[in-house]
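Report on one structure; see the data block that follows.
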Amino acid sequence: MAEVIHPEDELRVIDWNLLLETAMEMKNAGLRLSQACVSYVAGKYELVYSFVNDETYKLTNVKVIMETTDWIPSICAFYPYALFYENEMKELYGVDVRMMEGTDLNNKLYRIRETTPLLPKEKK
Amino acid sequence: MAIMNFGKTMLKNLFLKPVTVNYPAEPAVYPEGSRGHVEIDVDKCISCTICAMNCPSDALKVDRQAGTWTINRFDCIACGYCVEKCPKKCLKMVPGYQEPMGEKTEETFRRPEESMAKAAKPAKPTVTAAPSTGIVSTHNHVSIDVKKCLGCGKCMRNCPNDALAVDRKAKTWSINRSKCITCGLCIDNCPTKCMTMDPNDPDSNGIETYEIELAPIKKKD
Amino acid sequence: MGKRKVVPFGPQHPVLPEPIHLDLVMEDEKILEAVPNIGFVHRGLEGLIEKKDFNELIYIAERTCGICSYQHGMGYTETLEQIMGVEIPDRAKFLRSTWSELGRLHSHLLWLGLLADGFGFESLFYECWRIREKILDLHELTVGARLIFSVNKVGGVLRDITPEMQKTILETLDVVEEEVKNIQKTFLYDYSVQSRLKGIGVLSLQQVHDLGCAGPFARASGLNLDMRKLGYDAYPYIDFEPIISTDGDCFARCDVRTREIFQSIDIIRQIFAKMPEGDIAVPVKGMPNGEATVRIEQPRGEAVYYVKGNGKKLLDRMRIRTPTFANLPGLLETMKGADLSDVPLLILSIDPCISCTER
Numbered sequence: 044m045a046e047v048i049h050p051e052d053e054l055r056v057i058d059w060n061l062l063l064e065t066a067m068e069m070k071n072a073g074l075r076l077s078q079a080c081v082s083y084v085a086g087k088y089e090l091v092y093s094f095v096n097d098e099t100y101k102l103t104n105v106k107v108i109m110e111t112t113d114w115i116p117s118i119c120a121f122y123p124y125a126l127f128y129e130n131e132m133k134e135l136y137g138v139d140v141r142m143m144e145g146t147d148l149n150n151k152l153y154r155i156r157e158t159t160p161l162l163p164k165e166k167k
Numbered sequence: 217m218a219i220m221n222f223g224k225t226m227l228k229n230l231f232l233k234p235v236t237v238n239y240p241a242e243p244a245v246y247p248e249g250s251r252g253h254v255e256i257d258v259d260k261c262i263s264c265t266i267c268a269m270n271c272p273s274d275a276l277k278v279d280r281q282a283g284t285w286t287i288n289r290f291d292c293i294a295c296g297y298c299v300e301k302c303p304k305k306c307l308k309m310v311p312g313y314q315e316p317m318g319e320k321t322e323e324t325f326r327r328p329e330e331s332m333a334k335a336a337k338p339a340k341p342t343v344t345a346a347p348s349t350g351i352v353s354t355h356n357h358v359s360i361d362v363k364k365c366l367g368c369g370k371c372m373r374n375c376p377n378d379a380l381a382v383d384r385k386a387k388t389w390s391i392n393r394s395k396c397i398t399c400g401l402c403i404d405n406c407p408t409k410c411m412t413m414d415p416n417d418p419d420s421n422g423i424e425t426y427e428i429e430l431a432p433i434k435k436k437d
Numbered sequence: 054m055g056k057r058k059v060v061p062f063g064p065q066h067p068v069l070p071e072p073i074h075l076d077l078v079m080e081d082e083k084i085l086e087a088v089p090n091i092g093f094v095h096r097g098l099e100g101l102i103e104k105k106d107f108n109e110l111i112y113i114a115e116r117t118c119g120i121c122s123y124q125h126g127m128g129y130t131e132t133l134e135q136i137m138g139v140e141i142p143d144r145a146k147f148l149r150s151t152w153s154e155l156g157r158l159h160s161h162l163l164w165l166g167l168l169a170d171g172f173g174f175e176s177l178f179y180e181c182w183r184i185r186e187k188i189l190d191l192h193e194l195t196v197g198a199r200l201i202f203s204v205n206k207v208g209g210v211l212r213d214i215t216p217e218m219q220k221t222i223l224e225t226l227d228v229v230e231e232e233v234k235n236i237q238k239t240f241l242y243d244y245s246v247q248s249r250l251k252g253i254g255v256l257s258l259q260q261v262h263d264l265g266c267a268g269p270f271a272r273a274s275g276l277n278l279d280m281r282k283l284g285y286d287a288y289p290y291i292d293f294e295p296i297i298s299t300d301g302d303c304f305a306r307c308d309v310r311t312r313e314i315f316q317s318i319d320i321i322r323q324i325f326a327k328m329p330e331g332d333i334a335v336p337v338k339g340m341p342n343g344e345a346t347v348r349i350e351q352p353r354g355e356a357v358y359y360v361k362g363n364g365k366k367l368l369d370r371m372r373i374r375t376p377t378f379a380n381l382p383g384l385l386e387t388m389k390g391a392d393l394s395d396v397p398l399l400i401l402s403i404d405p406c407i408s409c410t411e412r
């Protein structure tokens, strides 16, 4: 039998103003941002950021629930490559992400004709 | 570092015959389990419309009143989900791909007259299943004679849409009318034949629960 | 001080298997930075959760990509099984690992052929793809189709691999191993190949870790990361170690993928030696309620599947994060300071699967 490392996954639900603090804590612990996605559930946006530890393979999911009229700060200061995930959230679902400061791809990552195509039709 | 490492393979390839098959001059040979297209044994079909509701690419249409089964072979992706879901196992996946044609065509199969006469015939016309909306609107419903029910649960296990629930301890038989597609499989499978297809509108569109009397099983002496 | 120009690259280019657009900011012959633009094959597959129920979505998840299609279907099914609390039988786990490794074999052989075409060696390209045809014949024998498998369901698999099929597979793999050893000599030791691949697109271990890269692209720079160590399916019973190299250039990435072909053949032999008897599926009732995240090792790296259900037959969210999306920042970093004529090779060295990236 080969050795198997499979620690339990962790889920943390936080408020939107604690997002930057949590991102800084993850960065100091040496974790890597694995994915960031948004779901449109019951009229609100649910953002899920996944952080992975490369030595122990442990996965930590950080969930932020926000209204569609709120805005959320970008975590590009700690994870520069998060701008791809955030641009995807902005262009496909219409999440308002601010403070990207010069690294923003200016809504041009996806070359598609419709704006926010993945939101259900009643919302738009 | 070396040069001309590929030389030996290149010289060998000069004298090899082509690895391709001269299709269509030579016929193509497909292995036994190959997924080519769907065929139906239309004598066994009961027009329950489960295949049409579950097709991922909406290639099937079933007309319950006329007893036909239509497939658009150009939309079919040969995934095999209808073969898996069919309760009477009348569909199968055989090798052989669709030939290219000038425009998309559909193929229709009709059930024979004897099998249409045996089926539970609704008195009022029914609406054909709209693919992937899941619900067939119909004007007949399943009704049960609670005195004859044994509480064995065979109807519940054979329901393809999970519309029935039988509880022996609580002595109840319940049916979810919005999930029932009136395919009649429960009626076919009941050992005491206590269920029938009633050609009127059902009382409600939700869950109806009846108390059953758990008739004793008659032992043969 | 030269003048700065912007050269558009793609979406149509002879060396790209799928369309991607890059705006290259150049000064004389060197590239300063690259700005990406995707969306040419965006089909909106994640929007189909509004119309198709969770069982039909298996067939849709498989069609995200043509090359890594089996692992997409398997990853999505395993996430559903984790939400619904289903434990599949052992034989089904071993069967899934077999098909997963066969998929990895055909993907790496396809990439080796495209790389050879990228630097102009067309005979080697055809030789790699001729060997790959034997693997596709094995697919059709066991599953019924060459590329899109459709053999997973929630609770197990739909088809079995009989002992006669196992014998055929092992015989074919012996032949494939001999032929790949022959072409490996050309890839690794030939003078003209080395002069195109060595020293191009170097990334150090620290850069790869900071940019969040995954798969053979990261392992070629020394990062010891392989999701098969998590122990899903039959991997707890198999002895293997992730293959790493420390050079970090295009030659090292080619070396890592070639050695992974031999490792996959060895893993399939171990799987057949240890395969248990038993059922291939268990019956499942109910709807998914809850959320789960599962990570799978695809041929290109780590893929993350996130599924959220609410007890009805239509899901709330299905998210696939493919490894090419994680390797894009690494690609843009390698472009800095490179020559214009090396750009096709740099793009090919991350093994781009753009239809996976955009879904």
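Residue numbers (the working numbering), protein chains in the order written: chain A, 44 to 167; chain B, 217 to 437; chain C, 54 to 412.
Here a beta-carbon is modelled for each residue, glycine too, at the ideal position from N, C-alpha and C.
Nearest CA to the CA of residue i: which residue from the options?
| i | options | result |
| --- | --- | --- |
| C:Asp-76 | C:Gly-339, C:Thr-377, C:Leu-85, C:Ser-248 | C:Leu-85 |
| A:Ile-115 | A:Glu-129, A:Arg-75, A:Thr-159, A:Leu-76 | A:Glu-129 |
| C:Ala-356 | C:Pro-269, C:Ser-298, C:Ile-321 | C:Pro-269 |
| B:Cys-371 | B:Thr-286, B:Ile-403, B:Ala-386 | B:Ile-403 |
| C:Glu-71 | C:Lys-83, C:Gly-119, C:Leu-256 | C:Gly-119 |
| A:Pro-163 | C:Asp-170, C:Gly-97, C:Thr-151 | C:Gly-97 |
| A:Ile-118 | A:Glu-53, A:Arg-75, A:Leu-54, A:Asp-97 | A:Arg-75 |
| C:Ile-73 | C:Ile-373, C:Glu-115, C:Glu-82, C:Pro-61 | C:Pro-61 |
| B:Gln-281 | B:Thr-408, B:Asn-405, B:Cys-399, B:Glu-255 | B:Cys-399 |
| B:Trp-285 | B:Leu-227, B:Pro-243, B:Gly-296, B:Val-258 | B:Val-258 |
| C:Gly-254 | C:Asp-263, C:Glu-313, C:Leu-393 | C:Leu-393 |
| A:Tyr-124 | C:Glu-80, C:Tyr-242, C:Gln-260, C:Glu-103 | C:Gln-260 |
| A:Gly-31 | A:Thr-111, A:Ala-72, A:Asp-58, A:Glu-134 | Given that chain A is displayed from residue 44 to residue 167, the structure contains no residue 31 of chain A and the question cannot be resolved. |
| A:Leu-161 | C:Leu-101, C:Gln-351, C:Thr-221 | C:Leu-101 |
Residue range of the beta strand (DSSP E) that residue i falls in?
| i | result |
| --- | --- |
| C:Lys-238 | First-last for C:Lys-238: 216–242, but that is the alpha helix (DSSP H), not the beta strand (DSSP E). |
Does any C-beta atom of chain B lie closer than 8 Å to the C-beta of residue i?
| i | result |
| --- | --- |
| C:Thr-130 | no |
| C:Lys-58 | no |
| C:Glu-180 | yes |
| C:Asn-205 | no |
Could you check the C-alpha separation between residue i and residue j for me, to the nearest Å?
| i | j | result |
| --- | --- | --- |
| C:Pro-400 | C:Leu-385 | A quick correction: the sequence has Ile, not Pro, at residue 400 of chain C. Straight-line Cα distance between these residues: approximately 9 Å. |
| A:Tyr-88 | A:Asp-113 | 10 Å |
| C:Val-246 | B:Phe-222 | 11 Å |
| C:Val-228 | C:Val-68 | 29 Å |
| C:Asn-90 | A:Glu-131 | 12 Å |
| C:Leu-194 | C:Leu-110 | 25 Å |
| B:Leu-232 | C:Val-233 | 18 Å |
| C:Phe-315 | C:Glu-99 | 35 Å |
| B:Cys-368 | B:Asn-374 | 12 Å |
| B:Val-310 | B:Ala-275 | 17 Å |
| B:Asp-414 | C:Ile-321 | 57 Å |
Give a yes or no on whether the minimum CB-CB distance between residue i and chain C is below 8 Å.
| i | result |
| --- | --- |
| A:Ser-117 | no |
| A:Ile-108 | no |
| B:Met-372 | no |
| B:Phe-231 | no |
| B:Met-288 | The identity of residue 288 of chain B in the sequence shown is Asn, whereas the question assumes Met. Cβ-Cβ to chain C under 8 Å: no for B:Asn-288. |
| B:Ala-346 | At B:Ala-346 the pLDDT is 45, less than 50, meaning the model places this residue with poor confidence and gives no usable figure here. |
| A:Ser-91 | The residue asked about is misnamed: residue 91 of chain A is Val in this sequence, not Ser. Yes, contact with chain C. |
| A:Leu-152 | yes |
Return the first residue and the last residue of the alpha helix (DSSP H) that residue i is part of.
| i | result |
| --- | --- |
| C:His-192 | 175–195 |
| C:Trp-152 | 143–171 |
| C:Pro-269 | 269–272 |
| C:Leu-77 | It is not in any alpha helix (DSSP H) - C:Leu-77 instead sits in the beta strand (DSSP E) that spans 74–80. |
| A:Phe-127 | 125–136 |
| C:Gly-383 | 376–387 |
| A:Asn-71 | 62–71 |
| A:Ser-82 | No alpha helix (DSSP H) holds A:Ser-82; the beta strand (DSSP E) holding it covers 75–84. |
| B:Ser-359 | Note, B:Ser-359: premise wrong, no alpha helix (DSSP H); beta strand (DSSP E) at 357–360. |
| A:Met-109 | Note, A:Met-109: premise wrong, no alpha helix (DSSP H); beta strand (DSSP E) at 102–109. |
| B:Asp-404 | 401–405 |
>> Can you confirm whether the segment 285–292 of chain C touches the segment 128–148 of chain C when touching is taken to mean that 3 or more C-beta pairs between the two stretches lie within less than 8 Å?
In response: yes
> Pairing CB atoms from the segment 293–304 of chain B with CB atoms from the segment 234–246 of chain B, are three or more of them under 8 Å?
Replying inline: no
> Contact between the segment 262–278 of chain B and the segment 213–232 of chain C: three or more CB pairs below 8 Å?
Replying inline: no
>> Whether or not the segment 331–338 of chain C and the segment 159–173 of chain C are in contact is what I'm after, with contact meaning three or more pairs of Cβ atoms, one per stretch, closer than 8 Å; do they touch?
In response: no
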